[in-house]
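Below: one structure, written as structure tokens.
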Amino acid sequence: MTEPEWSERSVAMSAERLFLTMKQSFTDLVFPTTKSLKEGLKEFRFFYNHIRPHQHLNYLTPNEAWNNKPIANSKTHEALYFSALCGNVAGFYFLE
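Residues in the sequence shown are numbered from 2 upward in steps of one, following my numbering.
Encoded structure:
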């Protein structure tokens, strides 16, 4: 018997992976205000959903997978570099 694509187990594993990535990204950072923490979380969310490829999504970003977008590349789109959280999250993304 095979599991449905989004079983409780796969959702739990995805959540665990999200929090592990978040924990690694926020290590040793200090946010002096609630506003700065919210900005850091916003930056992380952008990185996680638009820059970081996910193995369980066949190396697409969630944005590419959920919006059924083809993988962008430097021949078809302008590449921009993103870095946040003191360089703990960084990578390239493509403008549409």
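C-beta: ideal position from N, C-alpha, C; glycine also.
Verify whether the separation of the beta carbon atoms of His51 and Asn64 is less than 9 Å. yes
With H, G and I counted as helix, E and B as strand and the rest as coil, what does DSSP make of Val31? coil
Which class does Gly41 belong to by DSSP, given the choice of helix, strand or coil? helix
Inspect the beta-carbon positions of Tyr121 and Ala85 and report whether they are closer than 9 Å. Residue 121 is absent from the model: the chain starts at 2 and stops at 97.
Taking the straight line between their C-alpha atoms, what separation do you get for Phe20 and Thr77? 33 Å
Which residue comes first and which comes last in the alpha helix (DSSP H) that contains Ala73? Taken as a continuous stretch (DSSP letters only), Ala73 belongs to no alpha helix (DSSP H), as it is neither H nor E.
Given a cut-off of 9 Å, decide if Ala91 and Phe48 are closer than it, judged by their beta-carbon atoms. yes
Three-state secondary structure assigned by DSSP to Tyr60: coil
Could you pull the start and end residues of the beta strand (DSSP E) that Ser84 belongs to? Ala80 to Ala85
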